[in-house]
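Before any comments, here is the structure.
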Amino acid sequence: MKMLTPCFIFLITFIVRTYKIEKGNFVVWDEAHFGKFASKYLTRTFYFDVHPPLGKMLTALGGYIFNQPTDFSFASASEYPKNFDFAGMRRFHALISSLTPVFSYLILKELRYNFTQRFLLCMMFIFENGFTSIGRLILLDSHLLTATSAVIYCLTRVFKRNFQNTDLFFLGICLGLVLSIKWIGCFTTALVGIFIIYTLWRLINSKMPISHVFLIFVKFSLFLIILPISIYIGIYYIHFSIVNKTSTDEGHMSSFFQASLEGNSHKKNRKYIAYATRITLKNACLSGGYLHSHPHMYPGKSMNQVTTYSHKDNNNNWAFQKVSESNTEPLFVTDEDKVVIYHLETARYINVSKTQSYLSQGLLTGATTIPLTNDNVFIIETYSDTHAKEKRIKSLTTKFRLKHFTTGLYLKSTNKKYPDWGFSQGEVVCTEDMDEGTLWTIEENISDKVTTDINPLYEEIYNKLFFKNFIEHNILQYNVNKSFVQDENLEPDAIVSKPYEWPILRRGLRMCSWDEKSMKFYMFGNPLLWFSSTLSLFVAPIIFITKYINFKRGAKKFRNRHNEAYEVFICVGGWLLHYLPFFAVGRVLYFHHYYPALFFAIMSLCYVLRHLSINFVRVYIFYIIGFYAIFSPLTYGFIDSRSLKFLKFIPSWNFID
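Structural data, given as structure tokens:
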């Protein structure tokens, strides 16, 4: 009987989430990303993404179960193949999403809500339009919300059941899972951390022997630090073991990371760099791009663009040619050599102009044809070698600078991106700086111009270092994530939002094309629930503080004060930790980033409604379900937006043009 109600709640949620799920037989919104990543697991080819891998691994599992075709590109708005059960793959995500209300019910049960209260209140987690929108598509957030609710359930058990080892163990597992889906899980982990630190502080100030406190600290560290970190690292180990084949995405990674992938050509590299042979140059910064050129010219200039590019491409191919007065034909590139840098595809040489670059301080660098001048000449300056430094430049391990002969400036990748005329590729300038952006390595060097007895294969440098790859991947995730900007080709008013807009439901998010005759989906919340939950974040602390003051004054008893203090801390503290950090985030933000915070806001609303009559709660939940039904066309899909004019209560709601 104990499991009957949770199973019933799960069933209701699953029906609500999957209703008309087959509508919209095209790639909706970020399904374009995560469906594509799922196919990478199915083909075992490497990909790079800013999120940890667990959520995408679960998505790939859904793809495997429902026979996702690996040749389908998941191009945005493209129609799903007729032989692909995309609705089944969506149902798989809805299945996971349906666990969120179940965990919410169990949390309320642990907090001693009576049966009627917890059953009615968990309806708010079911009939939330935004949770349904995000939970019925091939996205990560269904996994994230379920993992977040599981963490809070386990934490509540830890609090209510006196820190039993079993509860701590499952809390540690859930922390590892939420961290491995999205880094927003760090905020959830911080919430748990604050609670544990407060608990330890109380124990230190109690009469408990310090040796016992130390043992409890060790137990907390084992279950809540070492275990989650081990799970996080273990997920990456599984991830790297699956997506272990070479792909175009590997260009984001360092050369040594790429060398760990099956099919990568780096192990065919010759040790030394021969003149007049095909090479690729890669900036030595983490996530540094390849030196790149193409036939397109700078605006108003007669020189080809020279940029950095993160993907492998024939336009990344170059060759060094030596500048020398000697009649002896040089063999290998060495330190302090004077060289010109020849682009194989366009037959042009890198040239430094006298004009300033477009984005950064430094001289504009491009590519021109012959005749060559001193403006085409660079001097090789060896900086370091991760293996054994020699006079000769070596593949992969030697870092060097390219010093312009005429000006004494250094060729640099600024890590800034050109606008559309530069295809969003990286800016390259010549500058007096000598930072990491001026360091380069030779990545590809497989020419057989010289026999292996003179120029051997560079085999001794390859070791599979999982932890090195793990750290590199996470640093790169952070760097790329913080640099996300809005695509200028998309409508910012229809896509992007600001954190201040979320609690007041200023507007939602258009999830697809707004063509008059096409099926449309609009990510939006249940207005009554959003406004009520936002208000409750202020009311809940007032209720608790009022009750506590009355208790201290002896006016009323407050038997459950520790229980309610915990509840208010989780609700309001969880909301603050999952909401306020977004004001400091520099990257582009979207409506769904508020959903983890919304979970805690609804929990605070549960606390407020607990203090009202059960008849009021029944009526309120009736209206919640009513509002859900009224706004359900936005969630389940509609064609004619004019039929929804009566729903536009607030002018900023942009589901109608």
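In mature numbering (1 follows the signal peptide of the UniProt record, and there is no 0), the protein residues as written are -18 to -1, 1 to 639.
Just so you know, even glycine gets a beta-carbon here, dropped at the ideal spot from N, CA and C.
May I ask you to report which of helix, strand or coil DSSP gives Phe48?
Reduced to three states, the DSSP call for Phe48 is coil.
Closest to Ala266 by CA distance: which of Arg383, Phe54, Phe16 is it?
Among Arg383, Phe54, Phe16, the Cα nearest to that of Ala266 belongs to Arg383.
Cα-Cα separation between Ala172 and Ile179, rounded to whole angstroms:
Taking the straight line from one Cα to the other gives about 10 Å.
Might you give, ordered along the chain, the residues of its own chain that have their beta carbon closer than 8 Å to the beta carbon of Glu13, omitting 5 neighbours on each side?
Listed in chain order, the non-local C-beta contacts of Glu13 below 8 Å within the same chain comprise Phe56, Leu119, Ile120, Leu121, local neighbours out to five positions each way being set aside.
Range covered by the beta strand (DSSP E) that runs through Arg383:
Start and end: 380 to 386.
Spell out the partners DSSP gives Gly408 in its beta bridges.
Answer is Thr290, Lys399.
Quick check on the burial criterion: 16 or more other C-beta atoms within 10 angstroms. Buried or exposed for Gln240?
In the assembly as shown, Gln240 is a buried residue. Its beta-carbon has 16 or more other beta-carbons within 10 Å.
So for Phe564, helix, strand or coil by DSSP?
Helix, per DSSP.
Nearest-angstrom Cα distance between Leu562 and His574?
In this structure, the straight-line span from the alpha carbon of Leu562 to that of His574 is close to 15 Å.
Inter-residue CB distance, Lys253 and Ser377 (contact presumed, cutoff 8 Å):
The C-beta distance from Lys253 to Ser377 rounds to 6 Å, short enough to fall under 8 Å.
Whole angstroms is fine: what's the gap from Trp300's alpha carbon to Tyr257's?
C-alpha separation (whole angstroms): 11 Å.
Compare the beta carbon distance of Lys502 and Gly619 with 9 Å and say whether it is the shorter of the two.
It is a contact, given that the beta carbons lie within the stated cut-off.
Going by C-alpha distance, which of Ser223, Gly154, Val174 is nearest Ile208?
Checking every option, the nearest Cα to that of Ile208 belongs to Gly154.
Can Tyr331 be considered in contact with the ligand GTP, in the sense that its beta carbon sits closer than 8 Å to one or more heavy atoms?
Summarising the ligand content, the structure contains no ligands, and the ligand GTP is consequently not present.
Which partner residues of Thr170 appear in the DSSP bridge assignment?
None; Thr170 has no bridge partner.
From the DSSP output, in three-state form, read off Phe360 for me.
Strand, per DSSP.
By how many angstroms is the C-alpha of His386 removed from the C-alpha of Ala349?
Answer to the nearest angstrom: the Cα atoms are 14 Å apart.
If we call anything under 9 Å between Cβ atoms a contact, is residue 674 one with Ser242?
The chain is shown from -18 up to 639; residue 674 falls before or after that span and cannot be answered.
Quick check: Val554 and Phe582, are their CB atoms within less than 9 Å of each other?
Against a cut-off of 9 Å, the Cβ pair of Phe582 and Val554 comes out as a contact.
Could you pull the start and end residues of the beta strand (DSSP E) that Trp422 belongs to?
Per DSSP, Trp422 belongs to the beta strand (DSSP E) from 422 to 424.
Let me make sure I understand the geometry here. Which of Gly390, Ile89, Thr128 has the alpha-carbon closest to that of Ser80?
Closest by alpha carbon: Thr128.
According to DSSP, is Val10 helix, strand or coil?
Looking at Val10 - three-state DSSP - the assignment turns out to be coil, as it is neither helix nor strand.
Cβ pair Phe613, Pro509 closer than 9 Å:
Yes, these two residues count as a Cβ contact at 9 Å.
By Cβ distance below 6 Å, which residues in the same chain neighbour Tyr324 in space, the five residues on each side in sequence not counted?
In the same chain as Tyr324, and ignoring 5 residues on each side of it, the C-beta atoms closer than 6 Å to its own belong to Ala301, Gln303, Tyr331, in chain order.
Count the other CB atoms, across all protein chains shown, that sit within 10 Å of the CB of Phe628; report buried if there are 16 or more and exposed otherwise.
It counts as exposed.
Using 9 Å as the threshold, is the C-beta distance between Leu137 and Val160 below it?
Not in contact: Leu137 and Val160 (Cβ atoms no closer than 9 Å).
Own chain residues within Cβ distance below 8 Å of Glu454, not counting five before or after
For Glu454, same chain residues with a beta-carbon under 8 Å away, outside a window of 5 residues either side, are Met235, Ser236, Phe239, Leu268 in chain order.
May I ask you to report which of helix, strand or coil DSSP gives Asp123?
Asp123 sits in a helix when the DSSP states are folded into three classes.
Bridge partners - Trp165, DSSP secondary structure assignment
Per DSSP, none; premise fails for Trp165.
Determine contact between the region 510 to 518 and the region 533 to 540, defined as no fewer than three beta-carbon pairs at a distance below 8 Å.
Too few Cβ pairs lie closer than 8 Å, so no.
Within the region 232 to 267, note down every full beta strand (DSSP E) run reaching 3 residues or more, in order along the chain.
If only complete runs of 3 or more residues are kept, the region 232 to 267 shows the beta strand (DSSP E) at 263 to 265, in order along the chain.
Pick helix, strand or coil for Ser514, following the three-state DSSP scheme.
Here Ser514 sits in helix by DSSP.
For Ser614, which of helix, strand or coil comes out of DSSP?
Here Ser614 sits in helix by DSSP.
State the Cα-Cα distance for the pair Ser495 and Ile163, rounded to the nearest angstrom.
Approximately 28 Å, taken between the alpha carbons.
Beta-carbon spacing of Arg489, Asn636 below 9 Å:
When the beta-carbon positions are compared, Arg489 and Asn636 come within less than 9 Å of each other.
Residue of Val288, Ser86, Thr423 minimising C-alpha distance to His276:
It is Val288 whose Cα lies nearest to the Cα of His276.
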